[in-house]
Amino acid sequence: MRNCIQSKLSKETIEQREHRLTLINERLTNEPAEQRENQLNLINERVSNESSEQREHRLALIHEQLSNETAEQREYLVSLARNQSTQVLLSETAKD
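Below you can see the structure in the form of structure tokens.
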């Protein structure tokens with residue numbers, strides 16, 4: 010799956026990327042302010058209804074998950090991200 014996404018990104022021209030980003034920006038800016046406000050209100054309501062015990066439990070689970078990740082796993086993920094960035098930059102440079 011990752012190779013498929015990477016392949017699509019590397020074949021995307023600058024014009025196609027700009028067009029895609031323009032469409033995303035239009036979609037975001039055309040969202041009515043009332044709809045955005047409703048979404049924020051729902052999020053705030055959900056967060057404010059969470060008890061301190063629930064919040065502590067959720068944060069403890071997140072902390073446990075993060076602490077179980079070994080330094081080796083983190084380094085591997087960082088190296089994967091670097092490799093992807095480098096490949097995208099190289100492919101863009103090759104196109105120019």
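Note that my numbering has the sequence shown beginning at 10, numbered continuously upward.
By construction, the Cβ of each residue, glycine as well, lies at the ideal position given by its N, Cα and C atoms.
On a predicted model such as this, the values are computed, not experimentally measured, just so you know.
For residue i, which three-state DSSP category applies?
i          : result
residue 78 : coil
residue 61 : helix
residue 39 : coil
residue 21 : coil
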